[in-house]
């Protein structure tokens, strides 16, 4: 059995802890956070060692894998340190905050050993769409929509959010990258795009709260992407794929084929209701079967995300991937 440690026990760390519980081949061994109150929450919920110093935690020879659940600007340096310490790495999205960091990560000798958290690929409905896509003929159109709410209270709770230097962006890099990833996961690699971003509701933050783009995929397919944190509620993401022989719609965590409901994702008992339970499935695949998404296997998603910011910052200029 492997021993896992979580660094960062804020928004997503507890989700990792709970999703690890059902995985028989791993146990949560340690939690690291600079905030003693968060460590107390972890130790009250689980029988774990606690650390306030990341480097000291890495020196613990009993730790096999490190789950990086910290703010975006810490990801890359922590990945490098954990790999150098001989640990396996499981990292929340985004695996890096900038294109420069990502290029450097790909060049590391052991970067292929990093498991990137893109858990929504394991949602049962997404797996079904992947299966259906093999028998519905040519894909003609695709769209992805995310409408969530993030108020100033959300940004005030964690000062690293809302700033280019520490978050790397807004709704795209932090929330909607999953929706973008699923579009490419089903439809294939994105080759070029044009994008715009703005702030509809929060002028107090540096980064965008709304993003839209036209994505040009391989095989002359085009798609529309829209994401906002300026909605008055938070809804499950929406995806639509129009094929020659039918159309598939994923909405409210339910899957429709030609307008008929065919299945529904299981709701999560932790985190937010529209997240689903796929962290657990991702961890089972990783620890029990050695199957995971590495920084190399998600290259098109990462390069597309960075290209979208480049296009938006240049006034919607077309960027080739």
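In this note's numbering, the protein residues as written are 1 to 321.
Where a beta carbon is used, it is the ideal one built from N, C-alpha and C, also for glycine.
Since we're looking at a predicted model, the values are computed, not measured.
Query                                                                                                                                                             : Result
Can you check whether the CB of residue 218 is closer than 9 Å to the CB of residue 191?                                                                          : yes
In terms of residues, what are the limits of the alpha helix (DSSP H) holding residue 34?                                                                         : Run containing residue 34: none; DSSP gives neither H nor E here.
Report yes if the C-beta distance between residue 207 and residue 163 is below 9 Å; otherwise report no.                                                          : yes
Select from 153, 251, 283 the residue whose C-alpha is nearest the C-alpha of residue 204.                                                                        : 153
Check whether the segment 2 to 12 and the segment 31 to 39 are in contact - that is, three or more C-beta pairs closer than 8 Å.                                  : yes
Considering residue 264, what are the terminal residues of the beta strand (DSSP E) in which it resides?                                                          : 260 to 264
Please name the residue, chosen from 301, 306, 319, 296, that lies closest to residue 106 on a Cα-to-Cα basis.                                                    : 296
Since residue 250 is in the beta strand (DSSP E), which residue starts that stretch and which ends it?                                                            : 246 to 251
Take residue 48 and list the residues in its own chain whose beta-carbon comes closer than 7 Å to its own, dropping the five residues that flank it on each side. : 28, 29, 30, 31, 42
Have a look at residue 50 and residue 175 and give me their C-alpha separation to the nearest angstrom.                                                           : 29 Å
Beta carbon of residue 211, beta carbon of residue 171: below 9 Å?                                                                                                : yes
If you follow the alpha helix (DSSP H) that residue 289 is part of, which residue opens it and which one closes it?                                               : 278 to 289
Below 8 Å CB to CB, which residues in the same chain sit around residue 298 once its five sequence neighbours on both sides are set aside?                        : 95, 116, 118, 181
Report all residues from its chain with a CB closer than 6 Å to the CB of residue 242; omit the five preceding and five following residues, and keep chain order. : 140, 141
If we call anything under 9 Å between Cβ atoms a contact, is residue 67 one with residue 97?                                                                      : no
How should residue 78 be labelled, buried or exposed, when 16 other C-beta atoms within 10 angstroms of its C-beta is the threshold for buried?                   : buried
To the nearest angstrom, report how far apart residue 53 and residue 74 are at their CA atoms.                                                                    : 14 Å
Among 257, 22, 226, which one has its Cα closest to the Cα of residue 131?                                                                                        : 257
With 16 other CB atoms within 10 Å as the buried threshold, where does residue 265 fall?                                                                          : buried
Suppose contacts are defined by Cβ-Cβ distances below 9 Å. Is residue 125 in contact with residue 255 by that definition?                                         : yes
Using CA coordinates, which residue listed in 215, 229, 221, 108 is at the minimum distance from residue 209?                                                     : 229
Suppose only complete runs of 4+ residues qualify. What are the alpha helix (DSSP H) ranges in the segment 136 to 182, listed by chain order?                     : 152 to 157, 164 to 167
Should residue 111 go down as buried or exposed, given a rule of 16 or more other Cβ atoms within 10 Å for buried?                                                : buried
Assuming contact is defined by CB atoms lying nearer than 9 Å, are residue 307 and residue 193 in contact in what I supplied?                                     : yes
How is the alpha helix (DSSP H) around residue 299 delimited, first residue to last?                                                                              : 299 to 313
First and last residue of the beta strand (DSSP E) that includes residue 197?                                                                                     : 190 to 198
Going straight from the alpha carbon of residue 213 to that of residue 62, what length do you get?                                                                : 46 Å
Can you list, in chain order, the residues of its chain whose CB lies under 6 Å from that of residue 240, leaving out five sequence neighbours each side?         : 143, 249
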